[in-house]
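Numbering (the UniProt record's numbering), first residue to last: 1 to 632.
Backbone N, C-alpha and C define an ideal beta-carbon position, used for all residues, glycine too.
Every value quoted in this text rests on a predicted model; they were computed, and no experiment measured them.
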């Protein structure tokens, strides 16, 4: 049997066949892959085309709907707005705003209503100064200004609901914003705002052009200006006390709307209206007086723990008169601090907004306190300025203080002789009074000399109560533990509220109360000794004893919520008075010398003054009348 041999050619043949099969399989797979990729690409392209077609279709449908809505809207506007429908078809007929600003103010004016939507003061922060939040007089619809237009076809339209067209330009470095409510391109109502550099006052003109054929010009245009005053200070109680409406009327007179829940005044010939928020004011001024205005103030603080956003709501209702069928009013807005120096510089009587007091109290503040404190505060801290200011005032008043103490000392020396006259003429009060007056005349003592100096000092004391709460310089200025000299210096928060006193403890009022206590303790004895008891008159000794304790208690209760600057002034003032009194008693008043001088005066011939002569004659007439009555 023949043995098979290995066939090499067969192996090569099978290998070639296998290779060909693999090559065919690879080419077929590559072809399928390319075919799948082309198919996927085609499908993706088709999807993109469909999506784009769908998007275009949606846009077209949207445009169709918008056109239909605008047509309906326009028809409705023409039915409700009449000629003013034109303004609603302009591009500006949307909720948009225009911002103008300078170094002091940022104002955002709305297209709708053309009134200020936001008014921010760049250089002042709210009571929580650490938060960095700036004072905003107007924001979140807390204010509105509206003219009520009456058309010839008996429509009543409110400008607050209508859209104005804004246009900003610059003229001589001033920003000018023209807001026009258009009937056509050449017929409109315009509000024009002009904001100057470094100024809180902006011009505000209201005028119409070509509206005499549209508006009913037979009666004035009613307007309303409303504002809810935001809380900006630490103590809402203290801030609300000084939030009020002040106004000027009848050629320079000024007045204010009383404090209270609901108060109203109706002045005539009004030239400015100020919504005062303690340290900030929103003021509307007009060169053409408003014939009559209704001013209303409504207190919004019912609960000091809950009502902490607003203080008061202010409202003004008045009217703008037509001149030759058109409106033309030159007005101004002031949006800024209630600063006496700034307001006084405008020479528009705006300084009367600051409550510095009436009559002599106002004069003391305007001509002494304001300039003196302003000078001191320019080169030293406000706390130190208060102390130096107080020292200077007390030194200036020291001669008057000296005369008062000297008079008390003389009366004290005469007290034993006056008591003897009282016992001698106990049954004849009129005779006792006559003899007492003779004694005063012989001794050269004026019983009123102690009262007059005290009366002279009273206006200065009252002026300080007006000055310090109005001094914006003290706002957010710290001294020692007091974070804000214009507000209370809280050192401890109470877990409850005490009526009148509050929910915290302030330190400066405590120190002032202690100083008052010692001052009253030192002076009450001399005053009681100087004024012997008179029949039918209250006992001064008892009154003084009561006042020793009553005065400090009143200081604690009423000044706990007051500005710490005023409490600091009272504390330093009483300390200085005590010091002056101790120096006068130790170095200038000698009871023995005073007694010797009085005795010497008794030996000298005396000439009656006109006042003394008049008093003696009146007493003699009264004595004669008494005798006649007894005979009858």
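Compute the Euclidean distance between the alpha carbons of residue 518 and residue 398, then round it to the nearest angstrom. 19 Å
Three or more C-beta pairs closer than 8 Å, one from the segment 163 to 178 and one from the segment 255 to 267: is that the case here? no
Leaving aside the five residues before and after residue 490 along the sequence, list all residues of the same chain whose C-beta is less than 8 Å from its C-beta, in chain order. 504, 505, 506
Within the segment 94 to 160, note down every full beta strand (DSSP E) run reaching 3 residues or more, in order along the chain. 97 to 101, 105 to 110, 116 to 125, 134 to 138, 143 to 150, 156 to 158
Nearest-angstrom Cα distance between residue 385 and residue 463? 17 Å
Applying the criterion that 16 or more other CB atoms from any shown protein chain within 10 Å of the CB defines a buried residue, is residue 550 buried or exposed? exposed
Contact between the segment 317 to 327 and the segment 338 to 348 (3+ Cβ pairs under 8 Å): no
In its own chain, which residues sit with a C-beta less than 7 Å from the C-beta of residue 3, not counting the 5 before and 5 after it? Unreliable positioning characterises residue 3 in this predicted model, as indicated by a pLDDT of 40, which lies under 50. The coordinate reading is nonetheless provided below. Nothing meets the Cβ criterion.
Following the continuous beta strand (DSSP E) through residue 684, name the residue where it begins and the one where it ends. Outside the modelled stretch of the chain, which goes from 1 to 632, sits residue 684, for which no answer is possible.
I'd like the list of long-range same chain contacts for residue 201, defined as Cβ closer than 6 Å, with 5 residues on each side in sequence excluded. 332, 334
Under three-state DSSP, which class holds residue 390? helix
Where in the segment 258 to 295 do unbroken runs of the beta strand (DSSP E), each at least 3 residues long, occur, reported from the N-terminal end onward? 262 to 265, 268 to 277, 280 to 292
Contacts around residue 287, its chain only, beta-carbon distance under 6 Å, and the 5 residues preceding and following it disregarded: 330
Are the segment 564 to 578 and the segment 473 to 486 touching, with three or more C-beta to C-beta distances below 8 Å? yes
For residue 471, the nearest candidate out of 339, 319, 302 (CA to CA): 339
Counting pairs of beta carbons, one from the segment 111 to 120 and one from the segment 137 to 145, are three or more of them closer than 8 Å? yes
Round the Cβ separation of residue 311 and residue 277 to the nearest angstrom and send it over; I've been treating them as touching at under 8 Å. 7 Å
Residue 223 and residue 114 closer than 8 Å at C-beta: no
Tell me whether residue 675 is buried or exposed, calling it buried when 16 or more other Cβ atoms sit within 10 Å of its Cβ. Outside the shown range of the chain (1 to 632) lies residue 675, about which nothing can therefore be said.
Buried or exposed by the 16-neighbour rule on C-beta atoms within 10 Å, applied to residue 395: exposed
Within this structure, are the beta carbons of residue 236 and residue 313 separated by less than 8 Å? no
Residue 582 to residue 133 span [Cα, whole Å]: 49 Å
Give me, in chain order, the residues of the same chain whose beta-carbon lies closer than 8 Å to that of residue 635; leave out the 5 immediate sequence neighbours on both sides. Residue numbering for the chain in the displayed model covers 1 to 632; residue 635 lies beyond these limits and cannot be assessed.
What are the boundary residues of the alpha helix (DSSP H) that includes residue 85? 85 to 88
DSSP three-state label for residue 334, please. strand
Which two residues bound the contiguous beta strand (DSSP E) that contains residue 180? 174 to 184
To the nearest angstrom, report how far apart residue 488 and residue 559 are at their CA atoms. 8 Å
So, is residue 266 buried or exposed, given that buried needs 16 or more other C-beta atoms within 10 angstroms? exposed
Once you ignore the five residues that flank residue 520 on each side, which residues in its own chain have a CB closer than 7 Å to its CB? 547, 548, 551
When burial is assigned at 16 or more other CB atoms within 10 Å of the CB, is residue 401 buried or exposed? buried
Look up residue 515 in the DSSP assignment and say whether it is helix, strand or coil. helix
In whole angstroms, what separates the C-alpha of residue 209 from that of residue 107? 26 Å
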